[in-house]
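*Asks:* In the working numbering, the protein residues as written are 59 to 124.
Just passing along the structure, written as structure tokens.
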Amino acid sequence: PRELHLIEALRTLRMLHYAAWIARRWDDPAFPRAFPWFAGGRYWDEHILSLREQAALMDEPPLAWS
């Protein structure tokens, strides 16, 4: 299908939206308790690595439907 080239871009968008959603809600006392890893440096190191991997995947040809 024509939409296959969108998979990695949409996955990247989902990753960004998830992190942004937590960041926007961080002042809610429930969020630091529910997502304690979000404030840690390790999360951000891994998140940046994941985004770099996604950028590399988006540079590759899209998946083929067989």
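We treat Cβ as the ideally placed atom computed from N, Cα and C, and that holds for glycine.
On a predicted model such as this, the values are computed, not experimentally measured, just so you know.
Please name the residue in D86, M73 and I65 whose C-alpha comes closest to that of M116.
*Replies:* Taking M116 as reference, the option from D86, M73 and I65 with the minimal CA-CA separation is I65.
*Asks:* Looking only at its chain, what residues have a beta carbon closer than 6 Å to the beta carbon of L121, apart from the 5 residues adjacent to it on each side?
*Replies:* L62
*Asks:* Where are the alpha helix (DSSP H) runs, 4 residues long or more, that stay fully inside the stretch 78-109, in chain order?
*Replies:* 88-92
*Asks:* Restricting to Cα atoms, I'd like to know which of I80, L109 and L107 is closest to F96.
*Replies:* Looking only at I80, L109 and L107, the smallest Cα-Cα distance to F96 is reached by I80.
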